[in-house]
Amino acid sequence: MKVEHDFDKAAKQIAKFEKMLKYVTSDQAALTQEVYQLRDAMHAIDLALNGSAARAEVGEKDHLSVGSRLYFAASGLMDNSYGQTQLHVESYEMAKAMLEQLEGDIADLANVQVPALAKKLEAAGAPIILD
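Numbering (my numbering), first residue to last: 21 to 151.
Here it is as structure tokens:
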């Protein structure tokens, strides 16, 4: 899925940005803050997509993520002869709506914010990032 690919690519670049900060020669404090703000935005999107790994334990209350809703919707297709119930279909529709909302945030992160910060880091003396 293109959205997942864009998100993974942006996450890898943000991880590279954190390592590049030690090479920045000018305006290091402001660029460090921007990198970590971008990392926080990435983590918020990841939480909405995949849920909290720390709260995945039994008994921990967590908000349902896109992944958990899709997993529940797909469970109606596995190992039964009855098929999906209305609840499975509703779960799929909710996951679809959640993903549509996140697509804009992911596209902005991957196609606007990450490239802009890469240019700022390169202008400040950090090495050039090759895909």
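Here a beta-carbon is modelled for each residue, glycine too, at the ideal position from N, C-alpha and C.
Being a predicted model, the structure only gives us computed values, none of them experimental.
### Query
Going by C-alpha distance, which of Ala35, Ala31, Ala68 and Val44 is nearest Phe140?
The residue asked about is misnamed: residue 140 is Lys in this sequence, not Phe. Comparing Cα positions, the closest option is Val44.
#### Entry: 9 angstroms Cβ cutoff met for Ala146 and Ala30
no
### Separation of Tyr102 from Gly124, as counted between CA atoms
Gly124 and Tyr102: Cα-Cα distance of roughly 36 angstroms.
### Task
Give a yes or no on whether 9 angstroms exceeds the smallest Cβ distance from Ser85 to chain B.
Within the model displayed, chain B is absent; a lone protein chain is all it includes.
### Task
Whole angstroms is fine: what's the gap from Ala136's alpha carbon to Ile148's?
13 angstroms
### Task
Could you check if Val86 is buried or exposed, using at least 16 other CB atoms within 10 Å of its CB as the buried criterion?
Burial call: buried.
### Query
Taking the C-alpha atoms as reference points, what is the distance between Phe92 and His25?
23 angstroms
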